[in-house]
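Student:
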Amino acid sequence: MLEKLQIVKNRFDEVSDLIIQPEIISDQKQYIQLNKEYKDLRALMDKREAYLTATERVSEAEEILADGSDAEMVEMAKMQLDEAKTNIQTLEEEIKFMLIPKDPEDTKNAVVEVRAGTGGDEASIFAGDLHRMYTKYCESKGWKVNVVDFSEGTSGGYKEIQFEVEGDDVYGTLKFEAGVHRVQRVPQTETQGRVHTSAATVMVFPEAEEFDVEIDPKEVRVDYFCSSGPGGQSVNTTYSAVRLTHEPTGLVAQCQDQKSQHKNKEKAFKVLRSRLYDLELAKKQAEDAEKRGSMVTSGDRSAKIRTYNYPQGRVTDHRINLTLYDLSNIIDGDIQKIIDELQLVSNTEKLKEAGETF
Numbered sequence: 196m197l198e199k200l201q202i203v204k205n206r207f208d209e210v211s212d213l214i215i216q217p218e219i220i221s222d223q224k225q226y227i228q229l230n231k232e233y234k235d236l237r238a239l240m241d242k243r244e245a246y247l248t249a250t251e252r253v254s255e256a257e258e259i260l261a262d263g264s265d266a267e268m269v270e271m272a273k274m275q276l277d278e279a280k281t282n283i284q285t286l287e288e289e290i291k292f293m294l295i296p297k298d299p300e301d302t303k304n305a306v307v308e309v310r311a312g313t314g315g316d317e318a319s320i321f322a323g324d325l326h327r328m329y330t331k332y333c334e335s336k337g338w339k340v341n342v343v344d345f346s347e348g349t350s351g352g353y354k355e356i357q358f359e360v361e362g363d364d365v366y367g368t369l370k371f372e373a374g375v376h377r378v379q380r381v382p383q384t385e386t387q388g389r390v391h392t393s394a395a396t397v398m399v400f401p402e403a404e405e406f407d408v409e410i411d412p413k414e415v416r417v418d419y420f421c422s423s424g425p426g427g428q429s430v431n432t433t434y435s436a437v438r439l440t441h442e443p444t445g446l447v448a449q450c451q452d453q454k455s456q457h458k459n460k461e462k463a464f465k466v467l468r469s470r471l472y473d474l475e476l477a478k479k480q481a482e483d484a485e486k487r488g489s490m491v492t493s494g495d496r497s498a499k500i501r502t503y504n505y506p507q508g509r510v511t512d513h514r515i516n517l518t519l520y521d522l523s524n525i526i527d528g529d530i531q532k533i534i535d536e537l538q539l540v541s542n543t544e545k546l547k548e549a550g551e552t553f
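The sequence shown begins at 196 in this note's numbering and counts up by one.
#1: Could you work out which residue in 472, 230 and 205 is closest to residue 216 when comparing CA atoms only?
#2: Do you know how far the Cα of residue 321 is from the Cα of residue 205?
#3: CB-CB under 7 Å to residue 349, same chain, minus the five flanking residues each way: which ones, in chain order?
#4: Taking only the alpha-carbon atoms, compute the straight-line gap between residue 551 and residue 545 and give it to the nearest angstrom.
#5: Cα separation between residue 437 and residue 371?
#6: Give the secondary structure of residue 232 by DSSP, where H, G and I count as helix, E and B as strand, and everything else as coil.
#7: Taking C-beta to C-beta, are residue 508 and residue 395 nearer than 8 Å?
#8: What do you reckon, are the CB atoms on residue 517 and residue 401 nearer than 8 Å?
#9: Kindly confirm or deny that the segment 268-280 and the segment 246-253 touch, where touching means at least three C-beta pairs closer than 8 Å.
#10: Tell me whether residue 460 is buried or exposed, calling it buried when 16 or more other Cβ atoms sit within 10 Å of its Cβ.
#11: Among residues of its own chain, excluding the 5 on either side of residue 209, which ones have a beta-carbon nearer than 7 Å to its beta-carbon?
#12: Check the DSSP bridge columns for residue 158 and list the partner residues they point to.
#13: Considering only residues of the segment 357-396, which uninterrupted alpha helix (DSSP H) runs meet the minimum length of 4 residues and lie entirely inside it, listed in chain order?
#14: Using the three-state DSSP reduction, which class does residue 398 fall into: helix, strand or coil?
#15: Measure the C-alpha to C-alpha separation of residue 356 and residue 325 and round it to an integer number of angstroms.
#16: Determine the DSSP secondary structure at residue 320, reduced to helix, strand or coil.
#17: Along the chain, which unbroken stretches of the beta strand (DSSP E) at least 3 residues long are found entirely within the segment 294-345?
#18: I'd like to confirm the pairing. Which residues does DSSP put opposite residue 349 in its beta bridges?
#19: Could you tell me which residues DSSP puts in a beta bridge with residue 499?
#20: Which partner residues of residue 419 appear in the DSSP bridge assignment?
#21: Going by DSSP in three states, residue 504 sits in which element: helix, strand or coil?
#22: Taking only the alpha-carbon atoms, compute the straight-line gap between residue 375 and residue 222 and give it to the nearest angstrom.
#23: Would the beta-carbon of residue 293 fall within 8 Å of that of residue 247?
#24: Check whether the Cβ atoms of residue 344 and residue 452 sit closer than 8 Å, and answer yes or no.
#25: Within 10 Å of its beta-carbon, does residue 382 have 16 or more other beta-carbons around it, so buried, or fewer, so exposed?
#26: Using DSSP with H/G/I as helix, E/B as strand and the rest coil, what is residue 265?
#27: Name the DSSP beta bridge partners of residue 511, please?
#28: Look up residue 446 in the DSSP assignment and give the residues it is bridged to.
#29: May I have the straight-line CA-CA distance separating residue 540 from residue 258, to the nearest angstrom?
#30: Look at the alpha carbon of residue 319 and the alpha carbon of residue 354, and state the distance between them as a whole number of angstroms.
#31: Grab me the residues of residue 219's own chain with a C-beta within less than 6 Å of its C-beta, minus the 5 sequence neighbours each way, in chain order.
#32: Distance check for residue 255 and residue 271, CA to CA, integer angstroms please.
#33: In this structure, how does DSSP classify residue 451 when only helix, strand and coil are distinguished?
#34: What first and last residue would you give for the alpha helix (DSSP H) that runs through residue 544?
#35: Check whether the Cβ atoms of residue 362 and residue 339 sit closer than 8 Å, and answer yes or no.
#36: Spatial neighbours of residue 274 within its chain, please: CB distance less than 7 Å, with the 5 preceding and 5 following residues excluded, ordered by chain position.
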């Protein structure tokens with residue numbers, strides 16, 4: 196472990212020197228990448244310090260025990276030794292997980308799309324519930340949420356809604372939410388009191404930087420239209436909403452959230468870049484998951500991943516057979532415990548792959 200941590204320290208020293216070089220600072224792409232690496236390595240350096248301190252405490256305690264002349268000191272040394280060994284064991288597990296190579300996309304911001312599926316009006320209401328759940332969760336993390344585009348349901352909620360999330364490690368946290376979410380409950384629109392099953396699809400794209408994806412403007416058709424609000428009323432009479440169509444792929448991105456046509460166009464291009472980037476990423480994820488036999492891939496958008504059962508107050512994540520009887524808090528944004536379990540399973544799979552290197 197100390198050998199591996201020394202290699203990490205050498206790289207940390209190298210990156211620390213690089214990020215203050217003028218030629219690196221002037222190269223935006225490289226500077227951003229090195230800054231992200233510096234942040235990850237800094238966290239590992241803190242663990243390394245704690246690990247070295249714990250190993251020193253073991254050596255000190257062993258010296259006192261070997262001497263054995265002072266009974267009181269020997270008793271204290273035994274306690275110190277037990278504590279330090281337990282600490283080392285915990286730190287080694289944490290460091291192993293931190294040494295797993297990160298997906299470069301994980302640190303990116305994300306674009307999230309929630310789309311009503313089967314279930315008519317109730318599916319739109321459920322899509323609205325999911326949007327609220329994610330918004331509350333993101334706010335609890337201190338992340339910034341911006342709506343890009345939406346289409347309201349006739350009885351509330353959304354037929355579809357798209358929003359950007361900005362913050363630390365957003366995509367790496369939210370990517371496991373991609374897939375089909377099912378709800379089992381008596382619909383608000385139902386008078387007979389029967390439990391129905393409805394669904395909504397969640398898609399999570401890493402937000403692509405301009406240098407990740409280059410788009411030829413000649414290949415993009417731009418349409419302008421009036422923003423629409425509740426009941427189809429025109430929010431404004433100017434053509435500020437923007438729809439972009441990438442003709443080679445047929446991908447569409449639109450934005451009507453801002454009053455300015457220019458800002459809507461800028462946001463729509465950001466979403467289009469992310470969609471194109473995600474196309475390639477989804478292929479790679481599916482291939483990687485197939486190789487690993489992964490249970491928590493975010494590549495398959497058609498997979499039913501989670502059920503929210505209101506009569507029983509339970510939420511089940513089918514990928515890892517996790518059932519929690521805490522539906523009211525979860526739908527209110529408290530999804531961290533589910534995300535933690537999914538990340539743990541994913542990291543454990545990666546750790547098994549890298550097992551021979553530790």
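Every residue gets a Cβ at the ideal spot worked out from N, C-alpha and C, and that includes glycine.
Tutor: According to the structure data:
#1: Checking every option, the nearest Cα to that of residue 216 belongs to 230.
#2: Near 50 Å, if we compare the C-alpha coordinates of residue 321 and residue 205.
#3: Answer for residue 349: 316, listed in chain order.
#4: In this prediction, residue 551 scores a pLDDT of 47, lower than 50, which makes its location untrustworthy; no coordinate-derived value is stated.
#5: The C-alpha of residue 437 lies about 30 Å from the C-alpha of residue 371.
#6: Per DSSP, reduced to three states, the secondary structure at residue 232 is helical.
#7: Between residue 508 and residue 395, the C-beta spacing is not below 8 Å.
#8: Against a cut-off of 8 Å, the Cβ pair of residue 401 and residue 517 comes out as no contact.
#9: Yes: at least three Cβ pairs fall under 8 Å.
#10: With 16 or more other Cβ atoms within 10 Å, it is buried.
#11: Correct list: empty, nothing qualifies.
#12: The first residue shown for the chain is 196 and the last is 553, placing residue 158 beyond what the model contains.
#13: Fully enclosed alpha helix (DSSP H) runs of 4 or longer: 365-369.
#14: The answer is strand: DSSP assigns residue 398 an E or B state.
#15: Just so you know, the alpha carbons of residue 356 and residue 325 end up roughly 10 Å apart.
#16: Here residue 320 sits in helix by DSSP.
#17: Here the runs fully enclosed are 305-311.
#18: BP columns for residue 349 point to 351.
#19: The partner list for residue 499 (beta bridge, DSSP) reads 375.
#20: Looking at the DSSP assignment, residue 419 forms a beta bridge with 437.
#21: Strand.
#22: Residue 375 and residue 222: Cα-Cα distance of roughly 40 Å.
#23: Cβ atoms of residue 293 and residue 247: not closer than 8 Å.
#24: Cβ distance < 8 Å, so residue 344 and residue 452 count as in contact.
#25: Result: buried.
#26: Correct three-state label for residue 265: coil.
#27: Beta-bridge partners assigned by DSSP to residue 511: 502 and 518.
#28: Residue 446 is bridged to 441.
#29: Between residue 540 and residue 258, the C-alpha separation is close to 40 Å.
#30: When only Cα atoms are considered, residue 319 and residue 354 end up about 5 Å apart.
#31: 213, 225 and 226, listed in sequence order.
#32: If I take the Cα positions, the gap works out to 11 Å.
#33: Residue state, collapsed to three classes: coil.
#34: Segment 531-548, the alpha helix (DSSP H) holding residue 544.
#35: The answer is yes: Cβ separation under 8 Å.
#36: Taken in chain order, the list of residues that qualify is empty.
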